[in-house]
Structures are given as C-alpha cells and as structure tokens.
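Novice:
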Amino acid sequence: LAFDDAQGKGIYVLGALEMLQESFDIDADALTQLQAWSDAGLRVLVFAGNPGVTTLHDEAGDPVLPPLTLLGIVAFSDELRPHLQETLGAFTDNGVQLKVISGDNPQTVAALAKQAGLPGDLRAVSGPELAAMSPGEFNQTAKDATVFGRITPQQKEALVDALRSQGEYVAMMGDGV
Numbered sequence: 001l002a003f004d005d006a007q008g009k010g011i012y013v014l015g016a017l018e019m020l021q022e023s024f025d026i027d028a029d030a031l032t033q034l035q036a037w038s039d040a041g042l043r044v045l046v047f048a049g050n051p052g053v054t055t056l057h058d059e060a061g062d063p064v065l066p067p068l069t070l071l072g073i074v075a076f077s078d079e080l081r082p083h084l085q086e087t088l089g090a091f092t093d094n095g096v097q098l099k100v101i102s103g104d105n106p107q108t109v110a111a112l113a114k115q116a117g118l119p120g121d122l123r124a125v126s127g128p129e130l131a132a133m134s135p136g137e138f139n140q141t142a143k144d145a146t147v148f149g150r151i152t153p154q155q156k157e158a159l160v161d162a163l164r165s166q167g168e169y170v171a172m173m174g175d176g177v
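Quick note: the sequence shown, position 166, residue 166 per this note's numbering, numbers continuous.
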C-alpha cells in the first residue's frame, strides 16, 4: 500500500517473511517468535513500512520494494475441519498415499499436516528446494515426500506430472484446511 496525501505518506506491506525479508532486518527474538508460531501451524505474516517513500516502482517502472522497517508480526490460526482425521484415516486405511501441496509456509504446512494426523515423515519440501533439484531428484522427491510448502502453481502441476509419469493415479482437492 503506497500513499502520499494530506493524511500522510509512506509504503506499508503485509506478507510472508520469506517474500519481504530482503527489504528489512529482523532481530533474533522476532525471528525466533515467527519460527515458533510457524512451527505451531499458525499462518504468520510480517507488517513493515517506510514512511519516507511513496512509490513501489523504480525509474524504469519496474516493481521494487524500498528498505522497510519491521512494524509487527501477525499470526492467524487455521482451524482444521471437523472429522478431518477420520477422513484422512479412511484414505490411508484404503492404501491411498496422501500429499499436501500448498503455497503456504513450509513449516506451517508441516505442522498442520501433523495436526491432521498424516502419517510418516512430515518434513516439508519448499518450492525453492524443488526449483534447485535435477529432474531425477525432483521425481524422487515427488514420490517420497508428503508435505510441500511455498509451492507455485507451476510446481504443483509439475509434481502431479511427476507422479503420473511414475504410474501413480493422482486426484487433487482445492483450497481449504
């Protein structure tokens, strides 16, 4: 949000730490709190601003964030749907391998998967980790991992394609915890 009027001026942003972190410094205590909330399954956003800047573009018109000051951390709780554990249990009891593929923070996704009762190793693989993998590593990770976080729509499609290419039947469900 950028404004410059009689009421005031400045730029203020609310978003995921990993998307904004290059624009400001965060102290160790705030980072520890943010990590703890993410590990607990909370959706965590940072609020930062710069009251002296009024544009989000450089001279060429390209989007750019100016240096920012951390103003606060906001945490939201996603409630799991009632009977989710029974539903997921029915799938696993019938031999269905479940995967959680989300655009959200990897630690938050892993914590929610654990709360939902997903079995197995729930270490989250991040979108940037997938992007750095060779095609072979990507395919193996698609098969072996259960939880994926900060995944782009293109990566979601690539994960489905990787599973299908390995002979897996794939069904997807959309947003919703």
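Note that CB positions come from ideal geometry on N, CA and C, so glycine has one too.
Within the same chain, show all residues whose beta-carbon is closer than 8 Å to that of V74, passing over the 5 residues directly before and after it, in chain order.
Specialist: These residues qualify, in order along the chain: L14, V44, L45, V46, F47.
Novice: When DSSP builds the beta bridges, which residues end up paired with S77?
Specialist: Note: S77 sits in a beta bridge opposite L42.
Novice: With contact counted as at least three CB pairs below 8 Å, one residue from each stretch, are the stretch 80-88 and the stretch 109-126 in contact?
Specialist: Because the criterion of three Cβ pairs below 8 Å is met, the stretch 80-88 and the stretch 109-126 touch.
Novice: Take the Cβ of V64 as the centre, count every other Cβ of all protein chains shown within 10 Å, and call the residue buried at 16 or more, exposed below.
Specialist: That one is exposed.
Novice: Shortest alpha-carbon distance to P106 belongs to which of V96, Q97, P128?
Specialist: The shortest C-alpha separation from P106 is found at P128.
Novice: For T87, which of helix, strand or coil comes out of DSSP?
Specialist: Helix, per DSSP.
Novice: Helix, strand or coil for G10, going by three-state DSSP, please let me know.
Specialist: G10: strand per DSSP, three-state reduction.
Novice: If we call anything under 8 Å between Cβ atoms a contact, is D39 one with A142?
Specialist: Taking 8 Å as the Cβ cut-off, D39 and A142 do not qualify as a contacting pair.
Novice: Smallest Cα separation from L109: which of A28, V147, K156, F24?
Specialist: Per the sequence shown, residue 109 should be read as Val rather than Leu. Taking only the C-alpha atoms, the option nearest V109 is V147.
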